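Heads up, the thing below is written out as structure tokens.
There are 2 protein chains.
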Amino acid sequence: MPIRLLNKLQQFSPLTENDRLFLRAAAERRRLMLRAGEEVIAEGERPTAVFLFLEGWAYRYKTLDDGRRQILAFLLPGDLGDPDEPPEREMDHSIATLTPVTLAELAREDLERIAGGHPTLAEALSWETLARGAIQREWTLNVGRRTALERIAHLLCELFARLAAVGLTQGSACALPLSQAELADATGLSAVHVNRVLQQLRSDGLVRLHDRRMELPDLTALQQVAKFNPAYLHLHYRRARPDAEDLPVA
Amino acid sequence: MPIRLLNKLQQFSPLTENDRLFLRAAAERRRLMLRAGEEVIAEGERPTAVFLFLEGWAYRYKTLDDGRRQILAFLLPGDLGDPDEPPEREMDHSIATLTPVTLAELAREDLERIAGGHPTLAEALSWETLARGAIQREWTLNVGRRTALERIAHLLCELFARLAAVGLTQGSACALPLSQAELADATGLSAVHVNRVLQQLRSDGLVRLHDRRMELPDLTALQQVAKFNPAYLHLHYRRARPDAEDLPVA
DNA sequence: GCACACACTTAACCTGCGTTAGATGCGAAT
DNA sequence: ATTCGCATCTAACGCAGGTTAAGTGTGTGC
Numbered sequence: 181m182p183i184r185l186l187n188k189l190q191q192f193s194p195l196t197e198n199d200r201l202f203l204r205a206a207a208e209r210r211r212l213m214l215r216a217g218e219e220v221i222a223e224g225e226r227p228t229a230v231f232l233f234l235e236g237w238a239y240r241y242k243t244l245d246d247g248r249r250q251i252l253a254f255l256l257p258g259d260l261g262d263p264d265e266p267p268e269r270e271m272d273h274s275i276a277t278l279t280p281v282t283l284a285e286l287a288r289e290d291l292e293r294i295a296g297g298h299p300t301l302a303e304a305l306s307w308e309t310l311a312r313g314a315i316q317r318e319w320t321l322n323v324g325r326r327t328a329l330e331r332i333a334h335l336l337c338e339l340f341a342r343l344a345a346v347g348l349t350q351g352s353a354c355a356l357p358l359s360q361a362e363l364a365d366a367t368g369l370s371a372v373h374v375n376r377v378l379q380q381l382r383s384d385g386l387v388r389l390h391d392r393r394m395e396l397p398d399l400t401a402l403q404q405v406a407k408f409n410p411a412y413l414h415l416h417y418r419r420a421r422p423d424a425e426d427l428p429v430a
Numbered sequence: 181m182p183i184r185l186l187n188k189l190q191q192f193s194p195l196t197e198n199d200r201l202f203l204r205a206a207a208e209r210r211r212l213m214l215r216a217g218e219e220v221i222a223e224g225e226r227p228t229a230v231f232l233f234l235e236g237w238a239y240r241y242k243t244l245d246d247g248r249r250q251i252l253a254f255l256l257p258g259d260l261g262d263p264d265e266p267p268e269r270e271m272d273h274s275i276a277t278l279t280p281v282t283l284a285e286l287a288r289e290d291l292e293r294i295a296g297g298h299p300t301l302a303e304a305l306s307w308e309t310l311a312r313g314a315i316q317r318e319w320t321l322n323v324g325r326r327t328a329l330e331r332i333a334h335l336l337c338e339l340f341a342r343l344a345a346v347g348l349t350q351g352s353a354c355a356l357p358l359s360q361a362e363l364a365d366a367t368g369l370s371a372v373h374v375n376r377v378l379q380q381l382r383s384d385g386l387v388r389l390h391d392r393r394m395e396l397p398d399l400t401a402l403q404q405v406a407k408f409n410p411a412y413l414h415l416h417y418r419r420a421r422p423d424a425e426d427l428p429v430a
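Residue numbers (my numbering), protein chains in the order written: chain D, 181 to 430; chain S, 181 to 430.
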């Protein structure tokens with residue numbers, strides 16, 4: 181099974197074969213296989229290991245007492261759970277699966293050994309952590325200030341871009357194992373309104389849905405509807421541009 | 181000028197006098213004083229140092245092309261900017277001041293020296309980073325799933341709790357240097373509706389506003405309205421409870 | 001003292017989205 | 001084959017919150 185996290189990390193810094201082998205080995209020691217609809221970890225529990233998602237979709241969420249639920253993030257193959265959470269901290273939210281999921285539990289000692297002995301790997305992992313924060317901020321903007329149409333379009337653009345980054349798109353199509361109720365909880369809308377918005381996106385020829393998959397025939401147009409700017413995903417590493425004054429005079 | 185970050189950190193782990201002196205010294209090398217309404221750093225720029233806010237209020241925000249703005253977080257005395265941002269990454273959002281602000285620019289070498297030689301300080305700082313992420317998640321929930329009344333009440337509860345953690349409350353009162361338009365941008369509402377909600381909170385005796393300050397005469401009642409659970413702020417350190425099986429038989 | 005910019009307030013009106021309630025279709029379990 | 005559960009879809013209705021547009025302070029600069 182491919183460690184799709186490596187796909188992303190290698191865009192940030194070139195990893196050595198040694199780095200790759202170390203991460204692969206760390207991800208093999210403890211595997212967990214879950215069915216769809218299971219809890220990975222619940223609010224209030226203490227995480228003992230760090231989750232690395234290998235296959236399948238999961239989501240992070242919080243609920244209010246009366247049942248209102250907000251999905252905070254989707255966890256796709258190649259994503260890390262909460263790498264920096266110390267085990268003495270209680271989770272302030274829950275994680276559950278949407279499809280059958282395979283994940284690796286990374287031991288904290290292995291992560292510490294990465295921090296110690298694999299600097300480029302460590303750097304790439306911290307880049308991942310920062311990208312996660314940036315995505316959360318974009319979601320706050322999405323839910324706070326975009327219209328229903330923009331929100332749904334934006335979410336679909338994000339999912340497509342993130343799946344593309346780990347090689348899980350097929351042409352203009354990819355998996356989308358979400359019910360309309362789940363789309364609603366991710367965008368702060370009602371399920372009925374999500375249905376209305378999807379109808380419109382479909383009739384505008386921007387989205388096609390069948391068989392738990394989506395196709396985006398005109399990604400550029402969809403991104404314009406969503407006001408989607410992929411910069412926040414920080415998927416592509418750019419070293420600081422050498423500024424003019426740093427360059428030797430040619 | 182007090183380093184209010186220390187107030188928070190000491191709740192997590194007991195710092196040594198040496199730790200405190202080191203942080204204080206690091207925060208004295210480069211000071212910046214800004215007036216109200218100035219940009220601290222803009223989207224697209226590269227942060228060269230790490231900001232430690234000493235005095236005054238600032239906020240993180242993103243805007244859409246047509247001017248819609250979402251405030252993502254408020255930065256209060258004792259808060260850190262983005263401690264883990266590497267300098268080669270471009271900011272995906274901006275930070276600006278609400279009041280006159282004093283901040284320290286921490287040199288990255290100093291932070292590295294903390295990571296190397298001050299383990300409890302480093303641990304406390306990483307705790308801070310995690311709390312920042314938790315707050316961002318709570319904001320996504322706030323904007324996505326709470327009603328207007330709950331959102332405003334929740335924001336006020338959070339601000340009060342965070343100010344209390346750094347010793348900046350006076351009884352049931354604290355500063356609130358926010359216009360209603362800014363409250364609106366933080367909660368995903370319109371300024372007019374914020375006004376309506378504030379009227380209600382006032383007439384219910386839950387909030388009093390005058391002179392850029394707020395008073396919360398009945399904090400418990402306000403927290404109930406907000407469905408506020410301070411756990412997400414992770415303001416109080418709790419070591420893992422020794423479970424029954426870990427305890428020696430008495 | 002006056003002009004100006006802003007913040008707050010209020011009112012009238014409007015609409016995007018929520019709510020409720022069914023109808024329809026389909027896959028999984030038995 | 002039948003039932004059950006769940007997802008999608010539709011329609012009717014309602015309301016929370018947005019929009020527009022004034023009017024009223026109030027502090028600041030000149």
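Using N, Cα and C, we set each Cβ at its ideal position, and we do this for glycine too.
For clarity, every value in this text was computed on a predicted model and none was experimentally measured.
To the nearest angstrom, how far is the alpha carbon of residue i from that of residue j?
i      : j      : result
D365/S : L329/S : 15 Å
F231/D : A284/D : 6 Å
A411/S : H273/D : 11 Å
D384/D : A333/D : 12 Å
R240/S : A311/S : 16 Å
R376/D : L369/D : 11 Å
L321/D : G224/S : 17 Å
R210/D : R331/D : 37 Å
V281/S : F233/S : 8 Å
R388/D : L356/D : 11 Å
I183/S : M271/D : 29 Å
P299/D : P397/S : 52 Å
A207/S : K242/S : 28 Å
P257/S : V374/S : 25 Å
R317/D : L252/S : 7 Å
D259/D : T349/S : 40 Å
Q379/S : L386/S : 10 Å
T327/S : T327/D : 17 Å
S352/D : H390/D : 14 Å
G261/D : R215/S : 40 Å
L363/D : P194/D : 36 Å
T367/D : Q250/D : 8 Å
H414/S : A302/S : 16 Å
S306/S : R393/D : 39 Å
What residue from the options has the CA that sits closest to residue i's CA?
i      : options                           : result
F340/S : L402/S, D290/S, L381/S and H390/S : L402/S
I315/S : G224/S, R342/S, A304/S and P397/S : R342/S
Q360/S : Q350/S, C354/S and A371/S         : A371/S
L203/S : L378/S, L336/S and L291/S         : L291/S
P227/S : P194/S, A207/S, D264/S and D245/S : D264/S
H268/D : V281/S, L244/S, A295/S and A304/S : One point to set straight first is that residue 268/D is Glu, not His, in the sequence displayed. It is A304/S whose Cα lies nearest to the Cα of E268/D.
N187/D : E362/D, V346/D and L381/D         : V346/D
A205/S : M213/S, L244/S and M181/S         : M181/S
A276/D : L381/D, L358/D and T367/D         : L358/D
R325/S : E338/D, G247/D, L381/D and P266/D : G247/D
P266/S : L278/S, T279/S, D245/S and R288/S : R288/S
L456/D : D245/D, G236/D and R293/D         : The structure shown has nothing for residue 456/D, since chain D only spans 181 to 430.
T279/S : K407/S, A238/S and E308/S         : A238/S
In the DSSP output, what is residue i paired with across the bridge?
i      : result
E395/D : A353/D and R388/D
E289/S : Partner(s): none; E289/S has no beta bridge.
R211/D : A284/D
R331/D : Looking at the DSSP assignment, R331/D forms no beta bridge with any residue, so it has no partner.
R240/D : A253/D and I275/D
E219/D : A276/D
L348/D : For L348/D, which the question treats as bridged, DSSP gives no partner whatsoever.
L260/S : L232/S
Taking only heavy atoms of the ligand SAH into account, decide whether any of them is closer than 7 Å to the Cβ of residue i.
i      : result
V374/S : Although the ligand SAH was asked about, the structure shown includes no ligands whatsoever.
### Query
What residues in the segment 242-276 of chain D have a beta carbon less than 9 Å from any beta carbon of chain S?
K242, T243, L244, D245, D246, R248, R249, Q250, I251, L252, A253, D262, D264, E265, P266, P267, E268, R269, E270, D272 and H273
### Query
Is it a yes or a no for the segment 215-227 of chain D touching the segment 187-207 of chain D, going by three-plus beta-carbon pairs under 8 Å?
no
### Message
Against chain S, which members of the segment 344-375 of chain D pass a CB distance test of less than 7 Å?
### Response
G368
### Query
Taking a cut of 9 Å between CB atoms, which residues from the segment 310-337 of chain S lie near chain D?
L310, R312, G313, A314, Q316, R317, E318, W319, T320, L321, N322, V323, G324, R325, R326 and E330
### Task
Name, going along the chain, the residues of the segment 184-205 of chain S whose beta-carbon falls closer than 8 Å to a beta-carbon of chain D.
none
### Query
What residues in the segment 383-410 of chain S bring their beta carbon closer than 8 Å to a beta carbon of chain D?
K407
### Task
Output, in sequence order along the chain, the residues in the segment 276-304 of chain D whose CB is closer than 7 Å to any CB in chain S.
none
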